[in-house]
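Asker: I have a structure I would like to understand better, so I am pasting it below and will then ask my questions one at a time.
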Amino acid sequence: DGGITQSPKYLFRKEGQNVTLSCEQNLNHDAMYWYRQDPGQGLRLIYYSQIVNDFQKGDIAEGYSVSREKKESFPLTVTSAQKNPTAFYLCASTLTGGNTIYFGEGSWLTVV
Amino acid sequence: ILNVEQSPQSLHVQEGDSTNFTCSFPSSNFYALHWYRWETAKSPEALFVMTLNGDEKKKGRISATLNTKEGYSYLYIKGSQPEDSATYLCAFRLPGSSNTGKLIFGQGTTLQVKP
């Protein structure tokens, strides 16, 4: 089935450690996105990539890094510089110029 | 700062009740308004993408209207069923192909339908 796969679903990490969240899509979409959700807030854009080997900062990029070496993959690294990393992370993709955005099921990250 | 507001934050209704929620967004520089339905432990699912003022869209018992001049959209559910229980998100998109997928989300309205 075509879709977006995020892994892991749940992740616990110690403070000060970097952690990488995986996002893979087999929809042949050009553009991929990472959003973050905190309680009582709307989803906020962290990073996005509209083409392989290129990516742009979203509204809350500080403390995060990404790569886009392959069209189908857009991993997100939460670095130790991210002050409040505990959150729910959602990956999305779309065709460039397309109207519909498709989402994965998300990853919960808890930093203790 | 662009802001999208949804109300109410949560709603409890009985099976068979009809209900509606509101999404308020900036009325200037509008391109599209998206509605998503998000069930627990699943991916958000696209319901509607609305682009024209006065647009009305329908999918089964769910419909939505759009007023871009005053900056609001309503989502209606007719005869709510327990399977309609979910969080409903609206999201605003700015013009420009570089803004595809760069959505500004409201905080969502969580609907619980009691049998």
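Chains A and B are the protein sequences, given in the same order. Mapped onto my numbering, the consecutive letters of the first sequence carry residue numbers 165 to 276. Mapped onto my numbering, the consecutive letters of the second sequence carry residue numbers 7 to 121. Don't be surprised by glycine CBs; every beta carbon is placed ideally from N, CA and C.
Ends of the beta strand (DSSP E) at Leu-209(A)?
Answerer: For the purposes of this step, residue 209(A) is taken as residue 45 along the first sequence, with counting starting at 1. Per DSSP, Leu-209(A) belongs to the beta strand (DSSP E) from 208-215.
Asker: Among the residues of its own chain, which have a CB less than 7 Å from the CB of Met-56(B), if the five just before and after it don't count?
Answerer: By 1-based counting over the second sequence, the position of residue 56(B) is 50. Once the five neighbours on either side are set aside, the close Cβ partners of Met-56(B) are Ala-38, Leu-39, Lys-63, Ala-70, Leu-72, Ser-79.
Asker: How long is the line joining the alpha carbons of Arg-99(B) and Phe-111(B), rounded to whole angstroms?
Answerer: Sequence index remark: in the second sequence, residue 99(B) carries index 93 (1-based). Sequence index remark: in the second sequence, residue 111(B) carries index 105 (1-based). Spanning the two alpha carbons is a distance of roughly 9 Å.
Asker: May I have the straight-line CA-CA distance separating Ala-225(A) from Tyr-199(A), to the nearest angstrom?
Answerer: Taking the first sequence and counting its residues from 1, the one referred to as residue 225(A) is at position 61. Taking the first sequence and counting its residues from 1, the one referred to as residue 199(A) is at position 35. The straight-line gap from Cα to Cα measures roughly 10 Å.
Asker: Tell me which same chain residues have a C-beta within less than 6 Å of the C-beta of Met-196(A), skipping the five on either side of it?
Answerer: Taking the first sequence and counting its residues from 1, one reaches residue 196(A) at position 32. Excluding residues within five positions, the ones whose Cβ falls inside 6 Å are Ser-213, Phe-238, Ser-257.
Asker: In its own chain, which residues sit with a C-beta less than 8 Å from the C-beta of Val-19(B), not counting the 5 before and 5 after it?
Answerer: For the purposes of this step, residue 19(B) is taken as the residue at position 13 of the second sequence. For Val-19(B), where only same-chain residues beyond five positions count, the Cβ hits under 8 Å are Thr-25, Ser-86, Leu-117, Gln-118, Val-119, Lys-120.
Asker: Can you list, in chain order, the stretches of the beta strand (DSSP E) that have 3 or more residues and sit fully within the region 10-59 of chain B?
Answerer: Runs found: 11-13, 16-20, 25-30, 38-44, 51-56.
Asker: Okay, do the region 183-190 of chain A and the region 209-223 of chain A touch, 3+ Cβ pairs below 8 Å being the bar?
Answerer: The region 183-190 of chain A vs the region 209-223 of chain A: no contact.
Asker: Here's a check: name, in chain order, each residue in its chain whose Cβ is nearer than 6 Å to the Cβ of Ser-171(A), leaving out the five neighbours to either side.
Answerer: For the purposes of this step, residue 171(A) is taken as the residue at position 7 of the first sequence. So the qualifying residues of the chain are Ser-186.
Asker: Mapping the DSSP letters down to three states, classify Asp-90(B) as helix, strand or coil.
Answerer: Sequence index remark: in the second sequence, residue 90(B) carries index 84 (1-based). Asp-90(B) falls in the helix class under three-state DSSP.
Asker: Would you kindly check if the distance between the Cβ of Asn-182(A) and the Cβ of Gly-167(A) is under 8 Å?
Answerer: Working through the first sequence from its first residue, we reach residue 167(A) at position 3. Working through the first sequence from its first residue, we reach residue 182(A) at position 18. In this structure, Asn-182(A) does not lie closer than 8 Å to Gly-167(A) by Cβ.
Asker: Determine the closest residue to Thr-177(A) out of Asn-248(A), Leu-254(A), Phe-267(A), with distance taken between C-alpha atoms.
Answerer: The residue given as residue 177(A) occupies position 13 in the first sequence. The question names Thr, but residue 177(A) is Arg in the sequence shown. Nearest of Asn-248(A), Leu-254(A), Phe-267(A) to Arg-177(A), Cα basis: Asn-248(A).
Asker: Under 8 Å between C-beta atoms, does Pro-50(B) make it to chain A?
Answerer: Taking the second sequence and counting its residues from 1, one reaches residue 50(B) at position 44. Yes - at least one Cβ of chain A is within 8 Å of the one on Pro-50(B).
Asker: Would you list the residues sitting across from Ile-68(B) in a DSSP beta bridge?
Answerer: Indexing the second sequence from 1 puts residue 68(B) at position 62. Paired residue(s): Lys-65(B), Ile-83(B).
Asker: Going along the chain, which residues of the region 244-270 of chain A sit with their C-beta nearer than 7 Å to a C-beta in chain E?
Answerer: Checking the listed chains, one finds no chain E in this structure; the protein chains it contains are A and B.
Asker: Between Gly-166(A) and chain B, is any beta-carbon pair separated by less than 8 Å?
Answerer: As a working note, residue 166(A) is residue 2 in the first sequence. No, Gly-166(A) lies away from the interface with chain B (no Cβ there is under 8 Å from its Cβ).
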